[in-house]
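> If you count by the working numbering, then the sequence shown holds residues 1386 to 1692, one letter each, in order.
By construction, the Cβ of each residue, glycine as well, lies at the ideal position given by its N, Cα and C atoms.
Please read these numbers as outputs of a predicted model, since none were measured by experiment.
Below are the structure tokens for one structure; questions will follow.
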Amino acid sequence: MTAYLRVVNGNDRKLVFPLNRSLENVIGRGRECHIQIEDPRASRFHARLIFEEGSWLIIDSGSRNGTLVNGSKTDSAVLSDGSTICIGDTELFFSLSDAQESVTWEQINAEEVMVPPSTGNFWGPEFKESGIRESGIRAFESLRSNGLEQELSGLHQFSLRSNSIEREQELVELTLGLLAARTGADAVAFLLSNEFGVLDIVGQVPSDPGYKPQISKQLNDTLLRKRRAVWLKHDTEPSDISRMDLGKKVGVADAICVPLLDKEEPLGAILVYSKKQGFQRRDFDFTIAVASIVAVTLVRVLSSKTI
């Protein structure tokens, strides 16, 4: 069974974190944490969740303000389905599910927001330091291990063509065309971060304004501040699309959103979305691998403009 932590109270309310059995799942304020919470009363590395002998344990890491499980302060405790964990002003709900980790996603402005682990299981890693390059390599390895030769060939050709690109618009058009063709998406958007730290669309296919995504503040922050690649799935009927912040006129079924980063500096993002069909794991890996190439090329192109 897959274990999850859902934030029910606090600054990170609605976030849902799948837990990885093979890792120590660290909770805290630190960016290095698998489960990062924005709580001033939480320590940088506050507690750890580990899977041991068939049970999930939470172990306080000598935190400043302590850890409560089901209302009682503890140094360590065994968690069961329905257990509550309090760290500072943040309350988390522990649950077990038969759902496979491979069908987890992030839902922005839905009932819950799925945030996959930042290391270990490769589902939406957080990008750290030179993380966009590292994550691109991991995506490439995932494609190779699954024998996806067409995707690998497409990445190779894209990388070669990117080396000769000198104009930003040329990179935008090449990226949009590749992702639209390879993923079967209904629309693809290329966004750059403006001076206010907000994502602006600089290119998309098709150009029909009816496909223009409305980027919510939460999604903007997830991509640029938290540096997370996310896979969104909206279980909504077309008539309910007006309630969504992504694709108010699109009728989005699935969307893949990947930040473009120069080390820790956010440059922009790529959005790939579908109205009818759900994306597959290879589409997610492929988009992340493309984003790693785009980020490097974009840095070079932007640098040449300032010389």
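Looking at GLY1475: is its Cβ nearer than 8 Å to the Cβ of ALA1432?
Taking the sequence shown and counting its residues from 1, one reaches residue 1475 at position 90. Taking the sequence shown and counting its residues from 1, one reaches residue 1432 at position 47. Before going on, a small fix: residue 1475 reads as Thr here, not Gly. Result no, Cβ atoms of THR1475 and ALA1432 do not sit closer than 8 Å.
> What does the alpha-carbon distance come out to for the pair ALA1565 and GLU1438?
Along the sequence shown, read from residue 1 onward, the residue named residue 1565 stands at position 180. Along the sequence shown, read from residue 1 onward, the residue named residue 1438 stands at position 53. Taking the straight line joining both Cα atoms gives about 46 Å.
> How is VAL1643 classed by DSSP in three states: helix, strand or coil?
Translated into positions along the sequence shown, residue 1643 becomes position 258. Of the three classes helix, strand and coil, the one that applies to VAL1643 here is strand, per DSSP.
> Can you round the beta-carbon distance between LEU1400 and VAL1392 to whole angstroms, since I take them to be within the 8 Å contact cut?
Here residue 1400 refers to the residue found at position 15 of the sequence shown. Here residue 1392 refers to the residue found at position 7 of the sequence shown. LEU1400 to VAL1392, Cβ: 5 Å. Contact.
> Just list the residues that DSSP pairs ARG1433 with in beta bridges.
In the sequence shown, residue 1433 corresponds to position 48, counting from 1. Answer is VAL1411 and ILE1444.
> Per DSSP, LEU1576 is paired with what?
Taking the sequence shown and counting its residues from 1, the one referred to as residue 1576 is at position 191. Looking at the DSSP assignment, LEU1576 forms a beta bridge with ILE1586 and ALA1654.
> Distance, Cα to Cα, SER1448 vs SER1482?
Mapped onto the sequence shown, residue 1448 falls at position 63. Mapped onto the sequence shown, residue 1482 falls at position 97. Straight-line Cα distance between these residues: approximately 29 Å.
> Note down, in chain order, each residue of its chain lying with its Cβ closer than 8 Å to the Cβ of ILE1678, except the 5 sequence neighbours on either side.
As a working mapping, residue 1678 is identified with position 293 in the sequence shown. GLY1521, LEU1540, PHE1543, SER1544 and SER1547, listed in sequence order.
> Could you spell out the range, first to last residue, of the alpha helix (DSSP H) harbouring LEU1563?
Along the sequence shown, read from residue 1 onward, the residue named residue 1563 stands at position 178. From DSSP, the alpha helix (DSSP H) with LEU1563 extends over 1553-1568.
> Starting from the Cα of PHE1402, find the closest Cα among ALA1462, GLU1409 and HIS1419 and give me that residue.
One-based indexing of the sequence shown puts residue 1402 at position 17. Among ALA1462, GLU1409 and HIS1419, the Cα nearest to that of PHE1402 is on HIS1419.
> Assuming GLU1417 and ASP1397 form a contact by the criterion Cβ under 8 Å, report the distance between their Cβ atoms to the nearest whole angstrom.
Locating residue 1417 in the sequence shown gives position 32, counting from the first residue. Locating residue 1397 in the sequence shown gives position 12, counting from the first residue. About 17 Å; that fails the 8 Å criterion.
> Of the residues VAL1583, VAL1657, ARG1612 and LEU1645, which one's Cα is nearest the Cα of GLN1589?
By one-based count along the sequence shown, residue 1589 stands at place 204. Minimum Cα distance to GLN1589 is reached at VAL1657.
> Tell me, please, which residues DSSP counts as bridged to PHE1479.
The sequence position of residue 1479 within the sequence shown is 94, counting from 1. In DSSP, PHE1479 forms a bridge with LEU1390.
> When the Cβ atoms of the stretch 1572-1585 are set against those of the stretch 1661-1670, are three or more pairs found closer than 8 Å?
With a cut-off of 8 Å, the stretch 1661-1670 and the stretch 1572-1585 do not count as touching, because too few Cβ pairs lie within range.
> If the criterion is Cβ atoms closer than 8 Å, does the pair LEU1464 and PHE1478 meet it?
Taking the sequence shown and counting its residues from 1, the one referred to as residue 1464 is at position 79. Taking the sequence shown and counting its residues from 1, the one referred to as residue 1478 is at position 93. For LEU1464 and PHE1478, no; Cβs fall outside 8 Å.
> If you follow the beta strand (DSSP E) that PRO1402 is in, where does it begin and where does it stop?
Residue 1402 sits at position 17 when you count from the first residue of the sequence shown. The question names Pro, yet the displayed sequence has Phe at residue 1402. Where PHE1402 is concerned, the enclosing beta strand (DSSP E) stretches over 1400-1403.
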